[in-house]
Amino acid sequence: MTTYSLAIHGGAGTILKSKMTDAQEAEYHAGLARALEAGEAVLRQGGTAMDAVTAAVCQLEDEPLFNAGRGAVFTTEGQQEMDACIMDGRDRATGAVAGIFGPKNPIRAARAVMETTSHVCLIGPNALEIARAAGLDFCDPDYFFTQSRWDALQQTLEMRARGEESDDPARRHGTVGAVARDRDGNLAAATSTGGMTAKLPGRVGDTPMPGAGTFADNATCAVSGTGHGEVFIKYTAGAEIAARMRHAGQSLAEAADHVVMRDLGAHDGSGGVIAVDGDGTLVLPFNCEGMYRAHVREGSDPVTAIYRD
Ligand code: ASP
């Protein structure tokens, strides 16, 4: 028996520190603490890493503060299209959905794909059918809508019309994710997102692509990413961290740092990752102003953080 470790993120699209009020900051810390506790409760009772990352991500999806599930961002057409992926480090079993709208918790839809089909990723009506067949809750558009994300879309579209691109991370993106090692030493990762504000309809980011935004393998690490998805895809961020550990003998910290700071950081890939290795070591590097995040190891106090402080 080993001890458990858990890390979560609520995205690297943080409100700029200069614009964050004390009240908002307190709300983000409280939201992160609730999600960490939801995941830790599973691990504390001897549950699996898979169940812990599912519970933590569901809680983050339910929080309107974060860009996933309720509170997801909007496409150029004013729709919400959600991506999610879960991966089991025991055998690399993976489930993913892309571009879906309806299930209250897209991460559960991803898990249903893994558990009830022979496929890894589903899109379109059949992804929803699988979620329905698994008995998952569905919600109306009103449930998912938040005024702040709608306003962010309008501002982004107005800026584009003036020929400007938004460089405010809070307006551009966000994502939620969790990685865990359970007491049996098994790893898992889960990530869920609305993607990027004003993305084209049908755009799929790194989140539901195993090896890019989500990855887990007991032999190396579990990773959940957040940031500029196109760059995470091109640099296969999650798989690259694992490959550096496996082939170059790097530690998790060295491998994750290299990918986040050099591969992504040097190529317009603003963002970060949370990751855990087989020893339960947690790392949470990011190359931008902040990343909503929290972590805990068995026997230690939970920590929530936003900026570099
Ligand atoms: N990586 C997500 C995407 O590109 C967005 C984010 O994490 O900010 O869809």
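FYI, the numbering for the sequence shown is -16 to 292, going by my numbering.
Using N, Cα and C, we set each Cβ at its ideal position, and we do this for glycine too.
Here Thr209 carries a strand assignment [DSSP, helix/strand/coil]. Comparing alpha carbon positions, the residue from Ala79, Thr180, Ala173, Arg276 closest to Arg291 is Arg276. Around the C-beta of Met179, 16 or more other C-beta atoms lie within 10 Å, and the residue is accordingly described as buried.
The way I'd put it, the stretch 218 to 229 doesn't touch the stretch 156 to 168; fewer than three beta-carbon pairs between them come closer than 8 angstroms.
Annotation for Phe198: the continuous beta strand (DSSP E) segment containing it runs 197 to 199. With contacts defined as CB atoms closer than 8 angstroms, Thr99 and Ile113 qualify as a contacting pair. Ile113: member of the alpha helix (DSSP H) spanning 107 to 116, first to last residue. Between the stretch 13 to 33 and the stretch -11 to 2 there are three or more C-beta pairs closer than 8 angstroms, enough to call the two in contact. The C-beta distance from Tyr11 to Ile289 rounds to 6 angstroms, short enough to meet the 8 angstroms contact threshold. Under the three-state reduction of DSSP output, His102 falls in the coil class, being neither helix nor strand. DSSP places Cys68 in the uninterrupted beta strand (DSSP E) bounded by 65 to 71. When secondary structure is reduced to three states using DSSP, Tyr275 falls in the strand class. With a cutoff of 7 angstroms, Phe215 counts as near the ligand ASP, since its C-beta is closer than that to a heavy atom of the ligand. With a cutoff of 7 angstroms, Met179 counts as near the ligand ASP, since its C-beta is closer than that to a heavy atom of the ligand. In the three-state DSSP reduction, Val96 falls in the helix class (H, G or I). Counting every other CB atom within 10 Å of its CB across the protein chains shown gives Met(-16) a total below 16, marking it as exposed.
Secondary structure note for Gly160: its beta strand (DSSP E) is the uninterrupted segment 159 to 164.
A heavy atom of the ligand ASP is found nearer than 7 angstroms to the CB of Ala(-5).
Look at Val56 here: in three-state DSSP terms it is coil, with no helix or strand label. Put simply, of Arg166, Leu183, Pro193 the residue whose alpha carbon is nearest the alpha carbon of Ala172 is Pro193. Residue environment for Phe121: exposed (fewer than 16 other C-beta atoms within 10 angstroms of its C-beta).
Nearest to Leu15 by alpha-carbon distance, out of Trp133, Asp45, Met3, Leu(-1), is Asp45. In this structure, the C-beta of Gly212 approaches the ligand ASP to less than 7 angstroms from one of its heavy atoms. With a cut-off of 7 angstroms, the C-beta of Gly196 is classified as near the ligand ASP, since at least one heavy atom of the ligand falls inside that distance. Here Ser175 carries a strand assignment [DSSP, helix/strand/coil]. In its chain, beyond the 5 residues on either side, Thr(-3), Ile289, Tyr290 have a beta carbon closer than 6 angstroms to the beta carbon of Gly273.
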